[in-house]
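In what follows, a structure is listed as structure tokens, so that the remarks can point back to it.
Residue numbers (full-length UniProt numbering): 1 to 423.
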């Protein structure tokens, strides 16, 4: 079937061809490793002993090469793009230094996962933003995800009617979580998710040299939330070290803050599905269980949004009342957070003219809820779409100059925070 599709129109069948090649590769890889893993280890053992004996000198050679490469990259990229890239690079160093200062045992920090983690993100940024193939691949993947989630509209339209988009969040966004939970339940039933999480965890162990518990939880956080992923290693949690527990919590917070899709996914899978294989007898039962499991999660999101937005409105009213005493009635939680987080957003790579508004978004996410932050971000995006061009007479128009917005699209806001300025 794949061959016939490629013969008829290879460009049209390119995605099917790539998926087929990947499936064949991983099937052959698993078969090969299962049968010949011991022989491969025995064959490579002399090389391993040599590297272990010479690793002290090799380590310094690798470090010197990496440092020289980064310095050269910064010199050429700064000459080409300007000095703004150095701000986010300085911000990255600042955050690492702050974590080191507030570490309980700064002299015992293991630098391999830190360096490898930053390096992998840097390489991913290069592939995504500086190569046409990488950009097109990730853009295609993002479009496919949007198309896939768009199939939720069929069920929402049938249940809520043609005007379901009048209540956008309740009838458009929340059904996505139900649909995604159903799909995840089916994937767990067939064993695909268990296989995928093990592979990602294995890659993390090899590159970052993290413990199996840390690696498995971090891999699971790509697909599920911070409350559910630790349940995959529940029997080991009483025995983990404080460092491992901190890594587990950090992985959870980092994935929730990644993107709107990540926030949806983190609420979209039942915790019971992560402990063992699916107990459903067939795919239809697994799909039904996944949809039912999403009901309390959807309710949790809805009630938290109501509570947080109501609390925010009350808090802003109190601040406005207090500010009115000093002839500043526009005082609000967002303004306070904007001033507090303005330096942090600037060091993340946001233009100084825009860092005031982005600082407010960071405050919403930190003190309230990621959905509250994204709700405000969505309003900014709507205003941006109604705005004019990004550049007028060669001058960049900034967020803080006027609203409607003149600068950010959602893609730019989410990717410029750190590594897009470096890559």
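All C-beta atoms, glycine included, are put in the ideal place defined by N, C-alpha and C.
#1: Which runs of the alpha helix (DSSP H) spanning at least 4 residues fall entirely within the segment 160 to 228, listed in chain order?
#2: Between the alpha carbons of residue 301 and residue 307, how many angstroms are there, rounded?
#3: Given a threshold of 16 other Cβ atoms within 10 Å of its Cβ, counted over all protein chains shown, does residue 354 qualify as buried or as exposed?
#4: Where does residue 350 fall in DSSP's three states?
#5: Between the Cα of residue 156 and the Cα atoms of 109, 179, 51 and 40, which residue gives the shortest distance?
#6: In angstroms with no decimal places, state the Cα-to-Cα distance between residue 163 and residue 351.
#7: Let me know the secondary structure DSSP gives residue 9 once reduced to three states.
#8: Contact defined as beta carbons within less than 8 Å: I believe residue 172 pairs with residue 165. What is the distance between those atoms, to the nearest angstrom?
#9: According to the Cβ coordinates, are residue 26 and residue 242 closer than 9 Å?
#10: From residue 134 to residue 127, what does the alpha carbon distance come to, in whole angstroms?
#11: Tell me whether residue 364 is buried or exposed, calling it buried when 16 or more other Cβ atoms sit within 10 Å of its Cβ.
#12: Using three-state DSSP, classify residue 238 as helix, strand or coil.
#13: Where does residue 30 sit, in a helix, a strand or coil, going by DSSP?
#14: Please say whether residue 250 and residue 116 have beta carbons closer to each other than 9 Å?
#15: What does the Cβ neighbour count give for residue 289, buried or exposed, with the cut at 16 atoms within 10 Å?
#16: Distance, Cα to Cα, residue 284 vs residue 367?
#17: Ordered along the chain, which non-local residues of its own chain (more than five positions away) have a Cβ less than 7 Å from that of residue 415?
#18: Measuring straight from C-alpha to C-alpha, what distance separates residue 30 and residue 36?
#19: Is it buried or exposed for residue 56, if we count other Cβ within 10 angstroms and need 16 for buried?
#20: By how many angstroms is the C-alpha of residue 45 removed from the C-alpha of residue 38?
#21: Look up residue 46 in the DSSP assignment and say whether it is helix, strand or coil.
#22: Where residue 210 and residue 87 are concerned, what is the direct C-alpha to C-alpha distance, given to the nearest angstrom?
#23: Contact defined as beta carbons within less than 8 Å: I believe residue 15 pairs with residue 6. What is the distance between those atoms, to the nearest angstrom?
#24: Any idea if residue 176 is buried or exposed, counting beta-carbon neighbours within 10 angstroms, 16 or more meaning buried?
#25: Could you check the C-alpha separation between residue 11 and residue 195 for me, to the nearest Å?
#26: When you compare each of 303, 188, 214 and 150 to residue 113 by their alpha carbons, which one comes out closest?
#27: State the DSSP-derived secondary structure class of residue 329, mapped to helix, strand or coil.
#28: Alpha carbon to alpha carbon, what distance is there between residue 90 and residue 96?
#29: Going by beta carbon distance, what residues of the same chain come within less than 8 Å of residue 230, once the five residues before and after it are set aside?
#30: Going by DSSP, what residue range makes up the alpha helix (DSSP H) through residue 132?
#31: Please report the straight-line C-alpha distance between residue 203 and residue 342, rounded to a whole angstrom.
#32: Just tell me which of 48, 106, 123 and 41 has its CA closest to the CA of residue 73.
#33: Verify whether the separation of the beta carbon atoms of residue 286 and residue 185 is less than 9 Å.
#34: Out of 246, 305 and 193, which has the shortest C-alpha to C-alpha gap to residue 220?
#35: Quick check: what's the CA-CA separation for residue 106 versus residue 169?
#36: Identify whether residue 109 lies in helix, strand or coil by the three-state DSSP scheme.
Reading it off the structure:
#1: Taken in chain order, the complete alpha helix (DSSP H) segments of 4 residues or longer contained in the segment 160 to 228 are 174 to 190, 192 to 208 and 212 to 221.
#2: The residue given as residue 301 occupies position 301 in the chain shown. The residue given as residue 307 occupies position 307 in the chain shown. Their Cα atoms are separated by approximately 10 Å.
#3: Looking up residue 354 in the chain shown gives position 354. Label assigned to residue 354: buried.
#4: Start at 1 with the first residue of the chain shown, and residue 350 comes out as number 350. Note: residue 350 maps to coil in three-state DSSP.
#5: On the chain shown, residue 156 is found 156 positions in, with the first residue counted as 1. Out of 109, 179, 51 and 40, 179 has the C-alpha closest to the C-alpha of residue 156.
#6: Here residue 163 corresponds to residue number 163 of the chain shown, with the count starting at 1. Here residue 351 corresponds to residue number 351 of the chain shown, with the count starting at 1. Roughly 40 Å between the two C-alpha positions.
#7: By 1-based counting over the chain shown, the position of residue 9 is 9. Correct three-state label for residue 9: coil.
#8: Position 172 of the chain shown, counted from the start, is the residue given in the question as residue 172. Position 165 of the chain shown, counted from the start, is the residue given in the question as residue 165. Confirmed, about 6 Å.
#9: Residue numbering aside, residue 26 sits at position 26 when the chain shown is read from its first letter. Residue numbering aside, residue 242 sits at position 242 when the chain shown is read from its first letter. Result no, Cβ atoms of residue 26 and residue 242 do not sit closer than 9 Å.
#10: What you label residue 134 is simply residue 134 of the chain shown in a count that begins at 1. What you label residue 127 is simply residue 127 of the chain shown in a count that begins at 1. If you take the alpha carbons of residue 134 and residue 127, they lie about 5 Å apart.
#11: The residue you call residue 364 lines up with position 364 of the chain shown. With 16 or more other Cβ atoms within 10 Å, it is buried.
#12: Position 238 of the chain shown, counting from 1, holds the residue named residue 238. Note: residue 238 maps to helix in three-state DSSP.
#13: Here residue 30 corresponds to residue number 30 of the chain shown, with the count starting at 1. For residue 30, the secondary structure class from DSSP, reduced to helix, strand or coil, is helix.
#14: The residue labelled residue 116 in the question sits at position 116 within the chain shown. The residue labelled residue 250 in the question sits at position 250 within the chain shown. Against a cut-off of 9 Å, the Cβ pair of residue 250 and residue 116 comes out as no contact.
#15: Within the chain shown, numbered from 1, the residue matching residue 289 stands at position 289. By the neighbour-count rule (16 or more Cβ atoms within 10 Å), residue 289 is buried.
#16: Along the chain shown, read from residue 1 onward, the residue named residue 284 stands at position 284. Along the chain shown, read from residue 1 onward, the residue named residue 367 stands at position 367. Taking the straight line from one Cα to the other gives about 41 Å.
#17: Within the chain shown, numbered from 1, the residue matching residue 415 stands at position 415. Confidence in residue 415 is poor, its pLDDT being 38 and thus under 50, which makes the residue's placement unreliable; the coordinate value appears in the next sentence. If we look at residue 415 and ignore the five residues flanking it on each side, it has no Cβ neighbours.
#18: Counting from one through the chain shown, the residue named residue 30 turns up at place 30. Counting from one through the chain shown, the residue named residue 36 turns up at place 36. Cα to Cα, the separation comes out at about 10 Å.
#19: Sequence index remark: in the chain shown, residue 56 carries index 56 (1-based). With fewer than 16 other Cβ atoms within 10 Å, it is exposed.
#20: For the purposes of this step, residue 38 is taken as residue 38 along the chain shown, with counting starting at 1. For the purposes of this step, residue 45 is taken as residue 45 along the chain shown, with counting starting at 1. About 10 Å.
#21: The residue given as residue 46 occupies position 46 in the chain shown. Correct three-state label for residue 46: helix.
#22: Here residue 210 corresponds to residue number 210 of the chain shown, with the count starting at 1. Here residue 87 corresponds to residue number 87 of the chain shown, with the count starting at 1. Looking at the two C-alpha atoms, the distance is approximately 30 Å.
#23: Residue mapping note: residue 15 aligns to position 15 of the chain shown, counting from 1. Residue mapping note: residue 6 aligns to position 6 of the chain shown, counting from 1. Not really, about 11 Å apart at Cβ, beyond 8 Å.
#24: As a working note, residue 176 is residue 176 in the chain shown. Classification for residue 176: buried.
#25: For the purposes of this step, residue 11 is taken as residue 11 along the chain shown, with counting starting at 1. For the purposes of this step, residue 195 is taken as residue 195 along the chain shown, with counting starting at 1. One C-alpha to the other measures close to 30 Å.
#26: The residue you call residue 113 lines up with position 113 of the chain shown. Distances from the CA of residue 113 to each of 303, 188, 214 and 150 were compared; the closest alpha carbon is that of 214.
#27: To locate residue 329, count along the chain shown from 1; it is residue 329. DSSP places residue 329 in coil when its eight states are reduced to three.
#28: As a first step, residue 96 must be located in the chain shown, where it is residue number 96. As a first step, residue 90 must be located in the chain shown, where it is residue number 90. Computed Cα separation, rounded: 10 Å.
#29: Start at 1 with the first residue of the chain shown, and residue 230 comes out as number 230. Excluding sequence neighbours, residue 230 sits near 217, 237, 248 and 252.
#30: As a first step, residue 132 is located in the chain shown; it is residue number 132 there, counting from the start. That run of the alpha helix (DSSP H) goes 132 to 150.
#31: Within the chain shown, the letter at position 203 stands for residue 203. Within the chain shown, the letter at position 342 stands for residue 342. If you take the alpha carbons of residue 203 and residue 342, they lie about 36 Å apart.
#32: Counting from one through the chain shown, the residue named residue 73 turns up at place 73. For the residues 48, 106, 123 and 41, the minimum Cα distance to residue 73 belongs to 123.
#33: If you number the chain shown from 1, residue 286 lands on position 286. If you number the chain shown from 1, residue 185 lands on position 185. With respect to the 9 Å criterion, residue 286 and residue 185 are classified as neighbours on the basis of their beta carbons.
#34: Locating residue 220 in the chain shown gives position 220, where the first residue counts as 1. That would be 193, whose Cα lies nearest to the Cα of residue 220.
#35: Residue 106 sits at position 106 when you count from the first residue of the chain shown. Residue 169 sits at position 169 when you count from the first residue of the chain shown. C-alpha of residue 106 to C-alpha of residue 169: approximately 45 Å in a straight line.
#36: For this step, residue 109 is matched to residue 109 along the chain shown. DSSP, read as helix, strand or coil, puts residue 109 in coil.
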